[in-house]
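J.: Residues in the sequence shown are numbered consecutively from 1224, following this note's numbering.
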Amino acid sequence: MNLFGFLQPKTVFETSTPYNEKIEIVKILGTTKLRTYGGTQSVTYNSILSKSGYWKLAAEIIASKAPRAQNILFLGFGGGTAVYFVSKALPQARLVCVEIDAVVIDLAKQYFQIDKINNIQLVNADGFKFIEGPEKYDVIFADMFKGDYFVEIPNIDKFLNDLKNSTNLNGLVLFNYTFKKNDSVNLNAFIEKIKSVFGNAEFSLVSGAGEINNYLIYSFKN
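Spelled out as structure tokens, the structure:
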């Protein structure tokens, strides 16, 4: 084995779509990554990176805060890393996963072993429009990213109220959101906006290696 080659990232697939100007499948140190606009969206579930990133912590929050959840909605799928961990923590739950980019869904099937996820239902749709529907969920995880940041939200008040309306009473809504380090102004403003709709909000921090941090912000529908 060429050790130097093993340590270097290798792009094995690259394309563009109407939703993602640049999508890459990158392999490094035995890990496969799904990247868009240079930001890592997913890694193979059995890699060291998957356990140290936000994906596993998100599953732990969902499992601890909503242990009896039967119906879980994921807005944003990527390669399904977080979905995999939730499926292991809550094997009884139905997992509805909404991804706007059909190419991302195809890549998840090809590179990320999503056949190992039980009770999964993949839906190719716009998450903002999907939650306008009548179905309600015990948990909703909003994880829609373009590169390193959450996709642009067309109307934040409508989005938060649609999330609330799509959640069962006492249900959990979890956001994966990123802010630049030390950007407490925008972080606090976003949390206050969530509180104005749900009446409550807490968060856990996943410190990033670069200039941004992930914040897993969660609220309950009371």
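Using N, Cα and C, we set each Cβ at its ideal position, and we do this for glycine too.
1. Looking only at C-alpha atoms, which of A1432, F1426, I1435, E1434 sits nearest to Y1441?
2. By how many angstroms is the C-alpha of N1388 removed from the C-alpha of T1255?
3. Assuming A1331 contacts G1303 under a Cβ cut-off of 8 Å, what Cβ separation, rounded to an integer in Å, is found between them?
4. Just how far apart, CA to CA, sit A1412 and A1424?
5. Using the Cα positions of L1272 and V1266, report the straight-line distance between them to the nearest angstrom.
6. Judging by CA-CA distance, which residue of N1378, N1405, A1286, F1368 is the nearest neighbour of T1259?
7. Identify whether I1271 lies in helix, strand or coil by the three-state DSSP scheme.
8. With DSSP run on the structure shown, which of helix, strand or coil describes S1239?
9. Closest to K1416 by C-alpha separation, out of D1338, D1371, D1380, would be which residue?
10. Which ranges would you report for the beta strand (DSSP E) in the region 1277–1345 if only whole runs of at least 3 residues count?
11. State the DSSP-derived secondary structure class of I1435, mapped to helix, strand or coil.
T.: In terms of the structure at hand:
1. F1426
2. 36 Å
3. 5 Å
4. 12 Å
5. 7 Å
6. F1368
7. helix
8. coil
9. D1380
10. 1294–1298, 1317–1322
11. strand
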